[in-house]
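Notes follow the structure.
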Amino acid sequence: MEEELEEEQSNAELLGDRYRKLLLQVESLTTELSAERSFSAKAESGRQQLERQIQELRERLGEEDAGARARQKMTIAALESKLAQAEEQLEQESRERILSGKLVRRAEKRLKEVVLQVEEERRVADQLRDQLEKGNLRVKQLKRQLEEAEEEASRAQAGRRRLQRELEDVTESAESMNREVTTLRNRLRRGPLTFTTRTVRQVFRLEEGVASDEEAEEAEPGSGPQPQESDGPQEVQPQ
Numbered sequence: 001m002e003e004e005l006e007e008e009q010s011n012a013e014l015l016g017d018r019y020r021k022l023l024l025q026v027e028s029l030t031t032e033l034s035a036e037r038s039f040s041a042k043a044e045s046g047r048q049q050l051e052r053q054i055q056e057l058r059e060r061l062g063e064e065d066a067g068a069r070a071r072q073k074m075t076i077a078a079l080e081s082k083l084a085q086a087e088e089q090l091e092q093e094s095r096e097r098i099l100s101g102k103l104v105r106r107a108e109k110r111l112k113e114v115v116l117q118v119e120e121e122r123r124v125a126d127q128l129r130d131q132l133e134k135g136n137l138r139v140k141q142l143k144r145q146l147e148e149a150e151e152e153a154s155r156a157q158a159g160r161r162r163l164q165r166e167l168e169d170v171t172e173s174a175e176s177m178n179r180e181v182t183t184l185r186n187r188l189r190r191g192p193l194t195f196t197t198r199t200v201r202q203v204f205r206l207e208e209g210v211a212s213d214e215e216a217e218e219a220e221p222g223s224g225p226q227p228q229e230s231d232g233p234q235e236v237q238p239q
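Here the sequence shown stands for residues 1 to 239, where the numbers follow full-length UniProt numbering.
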């Protein structure tokens, strides 16, 4: 889970880098578009100015007298040459303007594509961010469940140790009772012994292996209604 989170974080960083690069491309294309539009405006202004100059020169030629026609012809020839150059330049600028328009449209199309791509990258980044937040929440839940499981295991381990100690205590008590039963049997085999009724009952309980702390409490006087038996001495014959 942590490796997946790290991978998602790395993907998110890569998307962020791509997003910044796309923004730089958008700014560059916008700058180029502004430059092309400015160039087209300047070219159109220059063409109009040349046309005005030509018109003014032609008007001046019409106003000159015949004596200056020879000189004016030279001027006209120079102006016509200049006009031809201007027309050629204007045609070149027109071609460049058409090309610039194509470049502008292409740049606008590219700009739209970049904007759409940026929006898609932002959407993917948002999805990855949501997945990352969900992953972090899931990790916290798993850590909390792990801590709870460890606490439960610790409690179970403590309970097992407690039961083990109780089992050892019960085993030790049973062994002690068995030793007492063996001792009493040996004494009975050696000769008659004198016991109270209560002692005889305890011996039989030890032999049957059902003695317990509760039964020992019930055997004490005053712990509840008991059968009317004599506590006087009785003689027990060896078995």
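Where is the CB? At the ideal position from N, CA and C, for every residue including glycine.
Practice item. Measure the C-alpha to C-alpha separation of GLU8 and ASP126 and round it to an integer number of angstroms. Key: If I take the Cα positions, the gap works out to 12 Å.
Exercise for review: Determine, using beta carbons only, whether LEU57 and LEU90 come nearer to each other than 7 Å.
Suggested key: no
Point to revise | Member of LYS21, ALA12, ARG185 whose CA lies at the smallest distance from the CA of VAL115 | key: LYS21
Check your understanding: Taking ALA41 as the reference, which of GLU96, ARG122, ARG105 has the closest Cα?
Key -> Looking at the Cα atoms, GLU96 is the closest of the given residues.
Practice item. For VAL124, collect the residues of the same chain with a Cβ closer than 8 Å to its Cβ; drop the 5 residues on either side in sequence, then sort them by chain order. Key: LEU15
Point to revise | Option in LEU103, SER81, GLU172 with minimal Cα separation from SER34 | key: Looking at the Cα atoms, LEU103 is the closest of the given residues.
Exercise for review: Taking only the alpha-carbon atoms, compute the straight-line gap between SER173 and GLN164 and give it to the nearest angstrom.
Suggested key: 14 Å
Point to revise | Close-in-space but distant-in-sequence residues of the same chain around TYR131 (CB under 8 Å, 5 per side omitted) | key: Per the sequence presented here, residue 131 reads as Gln, with Tyr not at that position. Excluding positions up to five away in sequence, the list reads GLU8.
Exercise for review: Identify, in the order they occur along the chain, each residue of the same chain with its Cβ nearer than 8 Å to the Cβ of PRO121, setting aside the five sequence neighbours on each side.
Suggested key: Note on identity: in this sequence residue 121 is Glu, with Pro being the wrong assignment. Contacts found: LEU15, ARG18, TYR19, LEU22.
**Study point:** Distance, LYS140 Cα to MET177 Cα
**Key:** 55 Å
Point to revise | Nearest-angstrom Cα separation, counted from LEU111 out to LEU50 | key: 36 Å
Practice item. Just the C-alpha distance for ALA158 and ARG129, rounded to the nearest angstrom, thanks. Key: Cα-Cα distance, rounded: 43 Å.
Exercise for review: Quick one: measure Cβ to Cβ for GLU93 and ARG47, integer angstroms, because I've assumed they're closer than 8 Å.
Suggested key: Confirmed, about 7 Å.
Check your understanding: Taking the alpha-carbon positions, what's the ASP38 to SER100 distance?
Key -> Here residue 38 turns out to be Ser, not Asp, going by the sequence shown. SER38 and SER100: Cα-Cα distance of roughly 11 Å.
Check your understanding: Cβ of ALA107 within 7 Å of Cβ of LEU29?
Key -> yes
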